[in-house]
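K.L.:
In our numbering, the protein residues as written are 8 to 455.
Even for Gly, the Cβ is constructed at its ideal location relative to N, Cα and C.
Computed from a prediction, not measured in an experiment: that's the story for all the values here.
Before we start, here is the structure in question, set down as structure tokens.
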Amino acid sequence: MNALPKDFLWGVATAAGQIEGAAAEDGRAPSIWDAFAAIPGKIAGGDTPALACDYYHRYPQHLAAIRELGFQGFRFSFSWSRLLPDGVGAVNQKGLDFYKRTIDEMLRLGLTPNATLYHWDLPQALDDRGGFLNRDIAAWFGEYASLLFKEFGDVVPLWSTFNEPIATYVGYGPGWFAPGRTGGERDGRIANHHLLLAHGEAVRRFRESGRDGKIGIVVDVWHHHPARPNHPEDVALAELENEKAYRSYLHPLFKGGYSPALTDWMEQNDCSPVVRDGDFEKIRQPLDFFGLNCYNRVVDCADRSLVTRELAEHAGGNFLDNGTEYYPRAVYDALHILTEEYGVDIPIYITENGTHAVDTVVEENGVRAIHDTTRIRYFQGFLEWLSKAIDEGIDVRGYFAWTFLDNFEWTAGYGTRFGMATAPLGGGDILLKDSALWWKEFLKTQQR
Ligand code: GCO
Numbered sequence: 008m009n010a011l012p013k014d015f016l017w018g019v020a021t022a023a024g025q026i027e028g029a030a031a032e033d034g035r036a037p038s039i040w041d042a043f044a045a046i047p048g049k050i051a052g053g054d055t056p057a058l059a060c061d062y063y064h065r066y067p068q069h070l071a072a073i074r075e076l077g078f079q080g081f082r083f084s085f086s087w088s089r090l091l092p093d094g095v096g097a098v099n100q101k102g103l104d105f106y107k108r109t110i111d112e113m114l115r116l117g118l119t120p121n122a123t124l125y126h127w128d129l130p131q132a133l134d135d136r137g138g139f140l141n142r143d144i145a146a147w148f149g150e151y152a153s154l155l156f157k158e159f160g161d162v163v164p165l166w167s168t169f170n171e172p173i174a175t176y177v178g179y180g181p182g183w184f185a186p187g188r189t190g191g192e193r194d195g196r197i198a199n200h201h202l203l204l205a206h207g208e209a210v211r212r213f214r215e216s217g218r219d220g221k222i223g224i225v226v227d228v229w230h231h232h233p234a235r236p237n238h239p240e241d242v243a244l245a246e247l248e249n250e251k252a253y254r255s256y257l258h259p260l261f262k263g264g265y266s267p268a269l270t271d272w273m274e275q276n277d278c279s280p281v282v283r284d285g286d287f288e289k290i291r292q293p294l295d296f297f298g299l300n301c302y303n304r305v306v307d308c309a310d311r312s313l314v315t316r317e318l319a320e321h322a323g324g325n326f327l328d329n330g331t332e333y334y335p336r337a338v339y340d341a342l343h344i345l346t347e348e349y350g351v352d353i354p355i356y357i358t359e360n361g362t363h364a365v366d367t368v369v370e371e372n373g374v375r376a377i378h379d380t381t382r383i384r385y386f387q388g389f390l391e392w393l394s395k396a397i398d399e400g401i402d403v404r405g406y407f408a409w410t411f412l413d414n415f416e417w418t419a420g421y422g423t424r425f426g427m428a429t430a431p432l433g434g435g436d437i438l439l440k441d442s443a444l445w446w447k448e449f450l451k452t453q454q455r
């Protein structure tokens with residue numbers, strides 16, 4: 008792999024709801040994930056985010072270990088209900104103090120803070136008022152965003168409004184994610200539209216704040232491919248899935264409206280959100296960077312009975328030990344989609360990339376280890392394709408691996424592990440997996 012640009016930012020990424028724990032401490036109020044996890048059957052193993060990695064207390068240990076591996080950036084999110092327990096109004100000073108301490112520690116260690124305002128954990132108090140189905144969410148989010156720009160705008164250089172908007176669609180449409188509302192396609196699309204308005208409102212407020220940092224949004228691109236490229240039904244299915252997923256965000260953000268294909272589909276399915284005059288102007292505002300989360304592609308087959316076979320036969324198709332396809336070219340494809348189909352000409356950061364693996368702890372001469380070679384192979388493959396896209400001139404400024412520590416993997420609970428390191432639930436000694444050691448060696452070759 009060619010060396011990447013000198014000032015390339017290598018980091019790890021995480022999210023408040025997945026690592027912080029201390030769910031009821033120092034004035035924090037519940038988020039929709041706390042409430043959702045309390046409903047039996049929603050989260051694998053009955054897990055909850057209440058303890059997680061206890062980053063709330065153990066952040067010095069975590070951040071030091073991340074820096075020790077050679078990373079220079081840390082992507083994290085704020086817990087809205089820790090800062091504004093009611094979602095709006097009274098500020099929880101202890102919440103602010105916590106983020107002040109953690110950001111100071113990042114700066115002290117030389118980790119560039121990359122902050123996300125919203126990584127899925129809406130205050131429950133706001134969901135009680137309709138959450139993302141209420142158009143007022145834009146104003147609520149604006150108030151929250153302004154608080155953070157005021158408090159941390161001088162020390163945080165990179166800001167993302169939302170992480171993976173599709174999670175909100177999933178939470179209000181099919182209800183697989185928090186808040187578990189099952190309003191169907193129509194509510195999912197309404198929630199999405201309101202989220203995009205909230206994004207626009209936060210960007211407007213950021214500009215108004217006069218802060219020097221950069222602001223963007225993080226969208227995940229899982230490009231759908233037809234399993235049988237010569238089969239019109241598969242081609243149509245993959246196209247539709249792309250429209251309903253990442254294009255439903257990229258079109259409004261970069262082209263100023265929903266695509267003609269999605270517009271038609273929403274009309275035919277009676278699920279178009281209410282769009283008011285001026286909405287798309289609010290949504291489509293110049294951004295300073297784009298955050299791309301990239302994990303894999305999806306292969307669609309109209310004939311469900313063929314899915315497994317078609318996937319297995321696909322050229323280059325091979326699998327990781329967790330059963331997912333190994334397709335590192337996904338990042339190269341996604342970058343080309345951004346630049347070619349959407350004309351994205353702002354700097355891009357890979358804000359998440361990683362894989363879960365079947366990690367087994369082995370004991371060798373009294374030393375515990377996890378030989379996660381699958382994960383190493385995954386990272387290597389993605390970095391090769393990323394490097395190829397950069398060689399071709401795509402302006403990627405940084406890469407954030409998902410993730411440092413095994414954590415609360417949403418509905419999959421703690422049993423699905425994405426970490427390059429692990430620690431007991433609720434904290435304790437950190438065990439570096441082989442992939443963390445691999446990163447340490449790799450980053451030495453990339454030093455500035
Ligand atoms: C996402 C989220 C993360 C996940 C990660 C692994 O991409 O789904 O941003 O919170 O933990 O992706 O699934």
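Less than 8 angstroms between the C-beta atoms of Ala268 and Glu250, yes or no?
P.N.:
It is a contact, given that the beta carbons lie within the stated cut-off.
K.L.:
Okay, do the segment 359-379 and the segment 323-333 touch, 3+ Cβ pairs below 8 angstroms being the bar?
P.N.:
Counting Cβ pairs under 8 angstroms, three or more are found: they touch.
K.L.:
Going by other Cβ atoms of all chains shown within 10 Å of its Cβ, with 16 needed for buried, is Trp127 buried or exposed?
P.N.:
With 16 or more other Cβ atoms within 10 Å, it is buried.
K.L.:
Name the residue from Glu112, Phe449, Arg424 and Leu390 whose alpha carbon lies nearest to the alpha carbon of Gln68.
P.N.:
It is Glu112.
K.L.:
Around the Cβ of Ile46, are there at least 16 other Cβ atoms within 10 angstroms (buried) or fewer (exposed)?
P.N.:
Exposed, since its Cβ has fewer than 16 Cβ neighbours within 10 Å.
K.L.:
Confirm, please, whether the CB-CB distance from His238 to Val306 is below 8 angstroms.
P.N.:
Their beta carbons are not under 8 angstroms apart, which means Val306 does not touch His238 by this criterion.
K.L.:
Determine which residues share a DSSP beta bridge with His232 and list them.
P.N.:
For His232, which the question treats as bridged, DSSP gives the partners Val306.
K.L.:
Would the beta-carbon of Val228 fall within 8 angstroms of that of Tyr253?
P.N.:
Yes, they are a contact pair.
K.L.:
Would DSSP call Lys221 helix, strand or coil?
P.N.:
Note: Lys221 maps to strand in three-state DSSP.
K.L.:
Which residue's Cα is closest to the Cα of Gly160: Thr175, Leu133 and Val210?
P.N.:
Among Thr175, Leu133 and Val210, the Cα nearest to that of Gly160 is on Val210.
K.L.:
Assuming Ile353 and Leu257 form a contact by the criterion Cβ under 8 angstroms, report the distance between their Cβ atoms to the nearest whole angstrom.
P.N.:
With a Cβ gap of about 13 angstroms, Ile353 and Leu257 do not count as contacting.
K.L.:
Regarding Asn170 and the ligand GCO, is the C-beta to nearest heavy atom distance less than 7 angstroms?
P.N.:
True, at least one ligand heavy atom lies under 7 angstroms from that Cβ.
K.L.:
Among residues of its own chain, excluding the 5 on either side of Gly195, which ones have a beta-carbon nearer than 6 angstroms to its beta-carbon?
P.N.:
Tyr176, Tyr179 and Gly180.
K.L.:
Is DSSP giving Gly102 helix, strand or coil here?
P.N.:
Gly102: helix per DSSP, three-state reduction.
K.L.:
In terms of residue numbering, what span does the beta strand (DSSP E) encompassing Arg375 cover?
P.N.:
Residues Val374 to Ile377.
K.L.:
Do Val163 and Phe81 have their CB atoms nearer than 8 angstroms?
P.N.:
No, these two residues do not count as a Cβ contact at 8 angstroms.
K.L.:
Compare the C-alpha of Ile397 against each of Ile357, Gly182, Asp284 and His363 and name the closest.
P.N.:
The shortest Cα separation from Ile397 among Ile357, Gly182, Asp284 and His363 belongs to Ile357.
K.L.:
Please confirm if Asp41 has its CB atom under 8 angstroms from at least one CB of chain C.
P.N.:
Note that chain C does not occur in the displayed structure, where there is just one protein chain.
K.L.:
Assign Ser312 to buried or exposed, taking buried as 16 or more other Cβ atoms, counted over all protein chains shown, within 10 Å of its Cβ.
P.N.:
Exposed: under 16 other Cβ atoms inside 10 Å.
K.L.:
Is it true that the CB of Val95 sits closer than 8 angstroms to the CB of Glu171?
P.N.:
It is not a contact, given that the beta carbons lie outside the stated cut-off.
K.L.:
Distance check for Glu208 and Glu215, CA to CA, integer angstroms please.
P.N.:
One C-alpha to the other measures close to 10 angstroms.
K.L.:
Below 8 angstroms on the Cβ atoms is my guess for Tyr151 versus Leu124; work out the distance and round it to an integer in Å.
P.N.:
Rounded, the Cβ-Cβ distance is 7 angstroms, consistent with contact.
K.L.:
Distance check for Ile437 and Val282, CA to CA, integer angstroms please.
P.N.:
Rounded to the nearest angstrom, the two C-alpha atoms are 49 angstroms apart.
K.L.:
For Trp446, which of helix, strand or coil comes out of DSSP?
P.N.:
Helix, per DSSP.
K.L.:
Can we count Glu348 as close to the ligand GCO, meaning its CB is less than 7 angstroms from some heavy atom?
P.N.:
Outside the cutoff, so no.
K.L.:
Using the three-state DSSP reduction, which class does Ala10 fall into: helix, strand or coil?
P.N.:
Coil at Ala10, not helix or strand.
K.L.:
Between Tyr421, Lys451 and Trp445, which lies nearest to Ile50 when the distance is taken from Cα to Cα?
P.N.:
Selected option, being the one with the closest Cα: Tyr421.
K.L.:
Take the Cβ of Asn9 as the centre, count every other Cβ of all protein chains shown within 10 Å, and call the residue buried at 16 or more, exposed below.
P.N.:
Burial call: exposed.
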